[in-house]
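*Asks:*
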Amino acid sequence: MRSILFSVLLACSGAPIAAPTILVYGDSLSAAYGIPQNAGWVALLGERLKQRKSNYTVVNASISGETSAGGATRIGAALAKAQPAIVIVELGANDGLRGLPIAQMKTNLAAIVQAAKRQGARVILVGMQLPPNYG
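Sequence positions in the sequence shown follow this note's numbering and run 30 to 164.
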């Protein structure tokens, strides 16, 4: 959690970026599934940025149960709507739970990253480790 916040804060430092939006693009881990929305890491990130008087706003486009394939399908619309300066991608956990081949996950995530970069956004990939008995 701290490394995510540090990475985002680092990405927000330096020269001002025209579009002050951070798009969080993930699954239930980012959608705060099963916990109050204000207790999820995305809401906490938004609060931390406000405390630091950052002009960035956080848009959460995460969907519980989302896969990298679903994310690759809807990334264009999410980018068009949010016009983000920074995109935080947190996808892959559901792929792992479903046993999706790593090569396919890599292809899907690469499509998301490339789409965001084409729009001029900086991309932060958030990874997770699945226990060996999953996927």
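All C-beta atoms in this analysis are idealised placements derived from N, C-alpha and C, irrespective of residue type, glycine included.
Model, not experiment: these values are computed from the prediction.
Between which two residues does the alpha helix (DSSP H) holding Asn123 run?
*Replies:* Where Asn123 is concerned, the enclosing alpha helix (DSSP H) stretches over 122 to 127.
*Asks:* What residue from Gln112, Gly99, Ser59, Pro160 has the CA that sits closest to Gly149's CA?
*Replies:* Of the listed residues, the one whose Cα sits closest to Gly149 is Gln112.
*Asks:* Does the beta-carbon distance from Leu73 to Ser97 come in below 9 angstroms?
*Replies:* No. Outside cutoff.
*Asks:* Roughly how many angstroms lie between the CA atoms of Ala132 and Gln143, to the nearest whole one?
*Replies:* Cα to Cα, the separation comes out at about 16 angstroms.
*Asks:* For Thr86, which residues in the same chain have their Cβ closer than 6 angstroms to its Cβ, ignoring the five residues on either side in sequence?
*Replies:* So the list reads Thr50, once near-sequence residues are dropped.
*Asks:* Measure how close the beta-carbons of Ser91 and Val53 come, nearest whole angstrom, since I'm counting them as under 8 angstroms.
*Replies:* Confirmed, about 6 angstroms.
*Asks:* Rounded to whole angstroms, what's the CA-CA distance from Ile141 to Ala61? Just pull it up for me.
*Replies:* One C-alpha to the other measures close to 21 angstroms.
*Asks:* Considering only the beta carbon of each residue, do Gly125 and Leu78 sit closer than 9 angstroms?
*Replies:* Not a contact, by the Cβ cut-off of 9 angstroms.
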